[in-house]
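Inspection log for the structure reproduced underneath, given as structure tokens.
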Amino acid sequence: MMTKDLLDKLRLDLSIKAKNGLDFTLAAAIIWALISFIWTVNTSPYNKSIFTFMVGALLLPLAFLFSKLFKTTWTIEDNPLQPLGLWLNFSQLFYFPFLVFTMIKMPGHFIMVYAIITGGHFFPYAWFYKTRWYAIFAGIIVLGALFFGLSLPNDKTYFVGIFTSISLLLITICLYFDSERKLKNNN
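Here my numbering is used: the first residue of the sequence shown is 915, the next is one more, and so on.
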């Protein structure tokens, strides 16, 4: 039987060994910087959406590179919670039909919707890694993207990408210090 103490220990183990997933958030910060650049290019919003999808495909290879650099562990075989991280990440794919709808019907809002999906999918990682930073930045990214998306003219929506990239960089820093604090307190 799984006790609360055992569950918390398993979550702490994930947080320390995977370093709160900061290899993914840093990779995403770079991807979102590239996305914001794409949205400055003089082409149709539909084409920008297609290029955004293409650049998004770089996330896993870039995160893998950062995992080597930061010595994070992607597979923690003795931790039964580890597969949940992958399932939480895959869950955002079920929002992609809405993203495709936006790309086809309202491509000028694509970057905002993509940022909202990106930010929103972070929320359960607050529980998974036992850190409040994912919950905080889920709200910041979702509400910030909505604000910028609704208040900016179409030719300035690249600010949604800049905002998202900066937010991801900030969460990466917070996750790093959170992971280091847990490592220090656990030794």
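All C-beta atoms, glycine included, are put in the ideal place defined by N, C-alpha and C. The model shown is predicted, which means the values in this text are computed figures rather than measured ones.
| Item | Value |
| --- | --- |
| Rounding to the nearest angstrom, what Cα-Cα distance links leucine 948 and leucine 1097 in this structure? | 33 Å |
| For phenylalanine 938, which residues in the same chain have their Cβ closer than 6 Å to its Cβ, ignoring the five residues on either side in sequence? | Ala977 |
| Mapping DSSP to helix, strand and coil, what is aspartate 922? | helix |
| Below 8 Å on the Cβ atoms is my contact criterion, and I expect tyrosine 1072 with threonine 966 to pass it. Report the Cβ-Cβ distance as a whole number of Å. | Incorrect: roughly 11 Å between the Cβ atoms, too far for contact. |
| If phenylalanine 1037 sits next to alanine 1059, beta carbons under 8 Å apart, how far is it from one beta carbon to the other, in whole angstroms? | Rounded, the Cβ-Cβ distance is 14 Å, inconsistent with contact. |
| Please classify phenylalanine 1036: does DSSP put it in a helix, a strand, or coil? | coil |
| Check whether the Cβ atoms of leucine 1066 and proline 994 sit closer than 8 Å, and answer yes or no. | no |
| Exposed or buried, what is valine 1074 when buried is set at 16 or more other beta-carbons lying within 10 Å of its beta-carbon? | buried |
| Measure the Cβ-Cβ separation of tyrosine 1048 and tyrosine 1039 and say whether it is below 8 Å. | yes |
| Starting from the Cα of cysteine 1088, find the closest Cα among Asn1099, His1023, Leu1064, Ile1050 and give me that residue. | Ile1050 |
| Where does the unbroken alpha helix (DSSP H) through arginine 1046 begin, and where does it stop? | Element bounds for arginine 1046: n/a, residue is neither H nor E. |
| Given aspartate 927, which residues of its chain have a CB within under 6 Å of its CB, disregarding the five upstream and five downstream residues? | Asn993 |
| When burial is assigned at 16 or more other CB atoms within 10 Å of the CB, is proline 917 buried or exposed? | In the sequence as displayed, the identity of residue 917 is threonine instead of proline. Result: exposed. |
| Would you call the CB atoms of alanine 941 and threonine 986 closer than 8 Å? | no |
| Can the beta-carbon of phenylalanine 1024 be found less than 8 Å from the beta-carbon of methionine 1017? | yes |
| Within its chain, find whatever has a CB closer than 8 Å to the CB of valine 969; leave out the 5 residues flanking it on each side and keep chain order. | Ile945, Leu948, Ile949, Ile952 |
| Using three-state DSSP, classify tryptophan 953 as helix, strand or coil. | coil |
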